[in-house]
Amino acid sequence: MIRINENYLKLKASYLFSDIAKRVTAYTQANPDKPVIRLGIGDVTEPLPQACIEAFHAGVDEMANRATFKGYGPEQGYAFLREAIAANDYAARGCPIAADEVFVSDGSKCDCGNIQEIFATEGLKLAIPDPVYPVYVDTNVMAGRTGANLDGRYAGITYLDSTPANGYVPAIPAVATDLIYLCFPNNPTGAVATKEQLAAWVAYAKANKAIILFDSAYEAYITDPTIPHSIYEIPGADEVAIEFRSFSKTAGFTGTRCAYTVVPKKLVAYDVAGNAHPVHALWNRRHTTKFNGVSYPVQKAAAAIYTEAGKAQVKEKIAYYLANAALIRKAVTDLGFSCIGGDNAPYIWINTGTDSWAFFDKLLNEAQVVCTPGAGFGKCGEGHVRISAFNSRENVEKALARIAAALKA
Ligand code: MLT
Numbered sequence: 002m003i004r005i006n007e008n009y010l011k012l013k014a015s016y017l018f019s020d021i022a023k024r025v026t027a028y029t030q031a032n033p034d035k036p037v038i039r040l041g042i043g044d045v046t047e048p049l050p051q052a053c054i055e056a057f058h059a060g061v062d063e064m065a066n067r068a069t070f071k072g073y074g075p076e077q078g079y080a081f082l083r084e085a086i087a088a089n090d091y092a093a094r095g096c097p098i099a100a101d102e103v104f105v106s107d108g109s110k111c112d113c114g115n116i117q118e119i120f121a122t123e124g125l126k127l128a129i130p131d132p133v134y135p136v137y138v139d140t141n142v143m144a145g146r147t148g149a150n151l152d153g154r155y156a157g158i159t160y161l162d163s164t165p166a167n168g169y170v171p172a173i174p175a176v177a178t179d180l181i182y183l184c185f186p187n188n189p190t191g192a193v194a195t196k197e198q199l200a201a202w203v204a205y206a207k208a209n210k211a212i213i214l215f216d217s218a219y220e221a222y223i224t225d226p227t228i229p230h231s232i233y234e235i236p237g238a239d240e241v242a243i244e245f246r247s248f249s250k251t252a253g254f255t256g257t258r259c260a261y262t263v264v265p266k267k268l269v270a271y272d273v274a275g276n277a278h279p280v281h282a283l284w285n286r287r288h289t290t291k292f293n294g295v296s297y298p299v300q301k302a303a304a305a306i307y308t309e310a311g312k313a314q315v316k317e318k319i320a321y322y323l324a325n326a327a328l329i330r331k332a333v334t335d336l337g338f339s340c341i342g343g344d345n346a347p348y349i350w351i352n353t354g355t356d357s358w359a360f361f362d363k364l365l366n367e368a369q370v371v372c373t374p375g376a377g378f379g380k381c382g383e384g385h386v387r388i389s390a391f392n393s394r395e396n397v398e399k400a401l402a403r404i405a406a407a408l409k410a
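In this text, residue positions in the sequence shown follow our numbering: the first is 2, and each later residue adds one.
As structure tokens, then:
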């Protein structure tokens, strides 16, 4: 008799953003005359930077010619892209990361979800922020590292509460943990961590022989020059941290698919006897076994982000979304809500103090605007909603006018 992985039964029936999509589809089918503006899932709307488009086309042309055609590429990514990443995202910031520590992939969602496979399932102590990008929790539930979900929380996870009281930057837990998820600039709150705060996490990880999984998919939105873009800006972080980066929100690659994960060679994890093993070799084994690399034209397009023209064009797109974020912050503040985010991140986290799904429904039904209910990100997300700055200026302005009208009514 074929049996299922019963850990899946512990999960909510569907993934947060699938749940929202279903509600929005039901609404639009019932109200075809009421166009909806989507400020829910963080999906970009502006086209790829011109430098990427040109490189993408050139890559396709190479595939059309026998002399330049490419079959399977290196699973870890082409050297031209890995070297551009190491030079621009790390060496330029003084981080000790080499090109062969960079693994190119088709998305940070997949990498954040897959990485847990190389760590033990039995007895591993997890520390996960709340609220949080649901992938971190759900993939650990699937792997069987948690107990049942009781009252909105899984047994076996040390939750790191991010609340108005701590400025949405969680404190280091009083107990030892082994695998720690951190995301800065944060999804969903938009909060950022200072160098001192990250240094404290690095020290905690070292003291506990733990590993930090650092998701910095939104680093391109940092405007404050004192805020670190990478955890490797903290000395010694290459001994305790894996970093995830994505071109999705940086350069509009949500539909093109390209990201990378950094696994430093110094990073080790232990077997049951306490012997240290390099994590780089384990991830390389997993990656080469289960992944055949990102398509060549896509990697060419990604490498173009690091050209002079590409850098300028990326900056322009980020500035565009951050200007949307500033409008959103102002509008919700004028409506009397407190909020965080939007200044170093594309998300604005609004403290509504009310049931977050009810607030979601109100905005959908009365303003035809989609946001993301905070409860979908965890227990501490209740009483909040997230508004994304990813849309055209015209739609953001229209959405804000509709929200103001609906909430003032
Ligand atoms: C979000 O809206 O939280 C993100 O777009 C989801 C993702 O990057 O997978």
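Note that CB positions come from ideal geometry on N, CA and C, so glycine has one too. These numbers were taken from a predicted model, which means no experiment stands behind them.
Local Cβ density within 10 Å of residue i, reported as buried at 16 or more and exposed below that
i	result
LEU49	buried
PRO226	exposed
SER231	buried
GLN117	buried
ALA326	buried
SER217	buried
ASP131	buried
ASP139	buried
SER19	exposed
GLY191	buried
ALA376	buried
ILE3	exposed
VAL241	buried
GLU197	exposed
GLY60	buried
GLY337	exposed
GLY124	exposed
SER15	exposed
ASN187	buried
GLU220	buried
Opening and closing residue of the beta strand (DSSP E) in which residue i lies
i	result
SER247	242-247
SER106	103-106
ALA260	260-263
PHE360	Per DSSP, PHE360 belongs to no beta strand (DSSP E); it is in the alpha helix (DSSP H), 357-363.
THR159	158-162
PRO130	127-131
ARG387	385-389
VAL269	269-271
ASP20	Careful: ASP20 lies outside any beta strand (DSSP E), inside the alpha helix (DSSP H) at 17-31.
PHE215	212-216
TYR297	No beta strand (DSSP E) holds TYR297; the alpha helix (DSSP H) holding it covers 297-304.
ILE341	339-342
CB of residue i within 9 Å of CB of residue j, strictly
i	j	result
PHE254	ASP112	no
ILE98	TYR233	yes
TRP350	TYR169	yes
LEU401	TYR28	no
ILE173	ALA201	yes
ILE243	VAL280	yes
TYR134	PRO189	yes
ILE38	ARG387	no
ASN396	ARG287	no
GLY145	THR159	no
ASN209	ALA177	yes
GLY342	ARG330	yes
LEU183	ILE228	no
CYS340	ASP239	no
VAL333	ILE21	no
GLU398	LEU328	yes
Residue i: first and last residue of the uninterrupted alpha helix (DSSP H) it sits in
i	result
SER109	109-115
PRO279	First-last for PRO279: 277-279, but that is the beta strand (DSSP E), not the alpha helix (DSSP H).
PHE57	51-64
ASN366	Premise fails: ASN366 is in no alpha helix (DSSP H) and is neither H nor E.
LEU180	Careful: LEU180 lies outside any alpha helix (DSSP H), inside the beta strand (DSSP E) at 180-184.
ASN325	309-335
ASN141	135-143
PHE378	Run containing PHE378: none; DSSP gives neither H nor E here.
ASN352	Element bounds for ASN352: not the alpha helix (DSSP H) but the beta strand (DSSP E), 348-352.
TYR205	196-208
Whole-angstrom C-beta distance between residue j and residue i, which should lie under 8 Å
i	j	result
ILE223	ASN89	Actually they are not in contact, since the Cβ atoms of ILE223 and ASN89 sit about 15 Å apart, beyond 8 Å.
ALA52	THR308	5 Å
LEU82	ALA303	6 Å
ALA260	VAL269	Rounded, the Cβ-Cβ distance is 24 Å, inconsistent with contact.
ASP162	ALA211	That belief does not hold up - the Cβ atoms of ASP162 and ALA211 are roughly 19 Å apart, past 8 Å.
PHE70	LYS301	Not confirmed; about 14 Å, so no contact.
MET143	PRO298	Not really, about 32 Å apart at Cβ, beyond 8 Å.
ALA194	PHE185	4 Å
THR355	GLY384	7 Å
SER247	SER109	4 Å
TYR137	ASN293	Contact flag wrong, Cβ pair sits at about 25 Å.
Stretch-stretch touch, CB-based, cutoff 8 Å, three pairs: the region 38-56 with the region 389-406:
Yes, the region 38-56 is in contact with the region 389-406.
Can you find at least 3 beta carbon pairs, one from the region 310-318 and one from the region 35-44, that sit closer than 8 Å?
These segments do not touch.
State whether the region 103-112 contacts the region 145-162, with contact taken as three or more CB pairs (one from each stretch) at a distance under 8 Å.
These segments do not touch.
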